[in-house]
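J.:
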Ligand code: NCD
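Right, dumping it as structure tokens:
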């Protein structure tokens, strides 16, 4: 059965909405697109993507928009709530119902957890969650899984360290959810006491039957990892600026720490980074975070094709 056909008209709200084989089909398509991008240059001709961003974004919004443009489609949208009718008090339900009259697919980032799920129940076109508060970010997870697959050759049997703000980091919650269902994943959760992973996320690990440990020390953990996923302390989710200032520089990955890391370990980060990875690490071949950002565009191209039911273009010439 064609796994991609099964995605037509669906929403992507959380990792787990797509099966393993549906995600594999998207990763295979992302590989094919990256190999011969010209072949896909008109795949989404005549289609419109709406990007509704009620919170700041660089990579997610621009990679979705460039993904659509590189498929020959077009984009509309806004990048701050103040420039939409939300500023006049319109509900997300009404906004999304209206946008579905204009666009073929709607991508939403919103500060409230669960808002994209509410939006999806009022939308006639596919809705993609581009980050709902401190909850989930499933397209970042597609990006992360594709990156791990490309760099490590597999997304199972890995020791994965997640470091930083594990409480508010939605990319962390989504990646843990996705990896928990894989064979042989061992999680090492590295955070200050105040930013430990929420209990509902720990439950996902336990339901998946994965091994896990917690530590405050990146230095202690780093030598036993295949993947190190660094994250920013999520300033915008703090109630109190003093707490943020106290915690913001809890971890700084520098070349000295990288010397203790295995040769085959990769360093990932959803970006933006603040201080948690020193710029000197960028030159280390194990640092893959900018490749990860690039992968995000290709996997979003594949996702758009899947949700819109766009067939593989005929090879020309
Ligand atoms: C992340 C996000 O928005 O959750 N960024 C992204 O989408 N690449 C991570 C972050 O903001 O720290």
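Numbering (this note's numbering), first residue to last: 310 to 626.
Glycine residues also receive a C-beta, built at the ideal position from the N, C-alpha and C atoms.
Because the structure is a prediction, the values reported are computed rather than measured.
Examine the ligand NCD and report whether any of its heavy atoms sits within less than 6 Å of the Cβ of residue 517.
T.: no
J.: On the DSSP bridge list, what partners appear for residue 441?
T.: The partner list for residue 441 (beta bridge, DSSP) reads 419 and 445.
J.: Can you tell me whether residue 342 is helix, strand or coil according to DSSP?
T.: helix
J.: Under 7 Å, do residue 470 and residue 537 count as touching if we go by C-beta distance?
T.: yes
J.: Rounded to whole angstroms, what's the CA-CA distance from residue 343 to residue 460? Just pull it up for me.
T.: 15 Å
J.: Among all residues, which have a Cβ less than 7 Å from at least one non-hydrogen atom of the ligand NCD, and in what chain order do they fall?
T.: Matched residues: 366, 368, 369, 440, 446, 449, 478, 479, 480, 540, 541, 543, 579, 580 and 581.
J.: If you reduce the DSSP assignment to three classes, tell me which class residue 538 lands in.
T.: strand
J.: With a threshold of 16 other CB atoms inside 10 Å of the CB of residue 668, please say whether the residue is buried or exposed.
T.: This structure does not reach residue 668, given that the chain is present from 310 up to 626, and the question cannot be answered.
J.: Per DSSP, which one or two residues make a beta bridge with residue 328?
T.: DSSP output for residue 328 lists no bridge partner at all.
J.: Which runs of the beta strand (DSSP E) spanning at least 3 residues fall entirely within the stretch 479-559, listed in chain order?
T.: 495-499, 520-524 and 536-539
J.: Just tell me which of 527, 367, 448 and 360 has its CA closest to the CA of residue 385.
T.: 360
J.: Taking DSSP as the reference, what is the three-state secondary structure of residue 377?
T.: helix
J.: Mapping DSSP to helix, strand and coil, what is residue 457?
T.: helix
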